[in-house]
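The sequence shown begins at 87 in my numbering and counts up one residue at a time.
For every residue, glycine included, the Cβ atom is placed at its ideal position computed from N, Cα and C.
From a predicted model like this one, the values you see are computed outputs, not experimental measurements.
Here the structure is laid out as structure tokens; the discussion comes afterwards.
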Amino acid sequence: MSEGKRPRSIWKRYEKAKGEAKKEDSEKLYYRIGRKSGRVETNLLEWERSWKNVKILKYPTRYADELRTGVRNPANEEEVLAGLQILPELDAAREFWRPTAEEAEELATINPRVARDQRRDEMYFAWRTARLAQNAEIKRQNEITKTRIDLQVKEIKEMRDTVSVLMGAILEDITKNSRDRIEKYRLERGEGEEGATTLDEARVMGDWLYIFEAARATHLYQGGDEDSILMYERRELEREQLAKLKHTAGDFNRWITRFEDQVEVCETIGLEISEEAKIYHFMNNLNDLIFKDAKNDFMNQRTRSLFPDTFEEIKQKMIDEYGQTMTRKPQLVLKIIRGEDTRRGAEASFKAEEGGCHVCGDSGHFYRSCKHYNNKFSLEANKKYFQKKHKGKDVDSSKEEDPLKTSGTGADKQSHKSKVHKSDKQTKRESTEESAKFSMELDESK
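Written out as structure tokens, the structure reads:
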């Protein structure tokens, strides 16, 4: 092995690790300006959705509720422990006893001093017994309170540790460029509004929701003294992106999510997207093969009244129609989902009766049934090879005579049958030779 070259096994591991790192970075939050489009490119909405639906489920449910509602529920130790207090015990010594007004009147009526002192002792011991019973109840309540305090302190400590881990996981799921934008940003809050204003303050307070607020502010729209012309240009670019967001391939429900995300981006940067505009762009960007009839009916003023008036109802109507098309023409929908033959409208394999065979041009059969079709090569390659082979000839495969149906002697027919029924090995060998010849001639034509 020459110096400076990696072994093949090491190179494969290097390429695999490089691909996995690239894929991992693509799933993180990013912010960039497209080189060709010149528009802001970010996956903020997909990133937020991944946290709300999947990643936050690793943590207790209270954090999922906070992220979904946006309402903070901080772990404030003082507020939690304010209602948990240790009560002091009551003094039961004789010097703290004082007879009540009724007891004093009773003692005054007793004339012999010995009897009065004896009655005073009885009153004190009754008071002391009641005090000791009260102290026993206070001790029991204090033990319960101490246990609750210990549990609350432990829970608050665990919550703080969880918040620290959660903030670390969120920041780790952000690319360096996006993280720098969040660290430099300062969020202006109104009077009485809760939450941190900077990332450093959020780390001290444990305000993990600040990261999502700052990410939305810095990636979708950053307020402040921004160039008005630049913002106008960005609005126009986003409006154009919404108008060109065609459903050409992939799952229809995912495309709806991308469409709604683009609408949210437009509204965030100050564009007013009316209900009519949303409906028009949605219907206009539907797939021409799956929703051909629906699009024609919608664009026709006479039949447009058949559609609902709100975007949500129209969206549900198109989802239902997509499901019906999936039932009637599953192969067509699957072909579009995989992105196969979308440029030709997938009519090559499902609508051959309209244009005939896509290899020889005959309208009597499909291209897969054509004798000039070789399934080891693409449809376009078969078509080019057929055109080159029959250049200048008027070939109609439907008019070619079948040797078995032509008139002739019995010996000729028997001879032809013997030629037709060849052995499997000979047929396989001839097929291989034909494929090799096909490939050579196709390379020469290129």
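query: Can at least three beta-carbon pairs, one atom from the region 269-283 and one from the region 163-183, be found at a separation below 8 Å?; result: no
query: DSSP state of residue 423, grouped into three classes?; result: helix
query: Could you check the C-alpha separation between residue 465 and residue 378 for me, to the nearest Å?; result: 25 Å
query: Who are the near neighbours of residue 129 in its chain, counting only those whose CB is closer than 7 Å to its CB and skipping five residues on each side?; result: 115 and 116
query: Counting Cβ pairs closer than 8 Å, one from the region 326-335 and one from the region 344-353, do we hit at least three?; result: yes
query: According to DSSP, is residue 438 part of a helix, a strand, or is it coil?; result: Note that residue 438 scores a pLDDT of 41, beneath 50, so its modelled location is shaky; the value from the coordinates is reported in the next line. Of the three classes helix, strand and coil, the one that applies to residue 438 here is helix, per DSSP.
query: Report the CB separation of residue 193 from residue 202 in whole angstroms; it is logged as a contact under 8 Å.; result: 6 Å
query: Once you ignore the five residues that flank residue 305 on each side, which residues in its own chain have a CB closer than 6 Å to its CB?; result: 117, 128 and 130
query: Under the three-state reduction of DSSP, which class applies to residue 117: helix, strand or coil?; result: strand
query: Tell me the DSSP secondary structure of residue 355 in three-state form.; result: coil
query: Within the continuous beta strand (DSSP E) that includes residue 126, where are the two ends?; result: 126-128
query: Using DSSP with H/G/I as helix, E/B as strand and the rest coil, what is residue 459?; result: coil
query: So, under 8 Å CB-CB, residue 167 and residue 230 are touching, yes? Tell me the CB distance rounded to an integer number of Å.; result: Wrong, their Cβ atoms sit about 14 Å apart, outside the cutoff.
query: Can you tell me which of the three DSSP states residue 172 falls into?; result: coil
query: Taking DSSP's pairing of strands, which residues face residue 260 in a bridge?; result: 115
query: Quick check: the region 244-260 against the region 202-222, are there 3 or more CB pairs under 8 Å?; result: no
query: Determine the direct distance from the alpha carbon of residue 247 to that of residue 361, and round the result to whole angstroms.; result: 45 Å
query: Which runs of the alpha helix (DSSP H) fall wholly inside the region 172-224 and span at least 4 residues, in chain order?; result: 187-195
query: Can residue 249 and residue 294 be called in contact, C-beta distance under 7 Å?; result: yes
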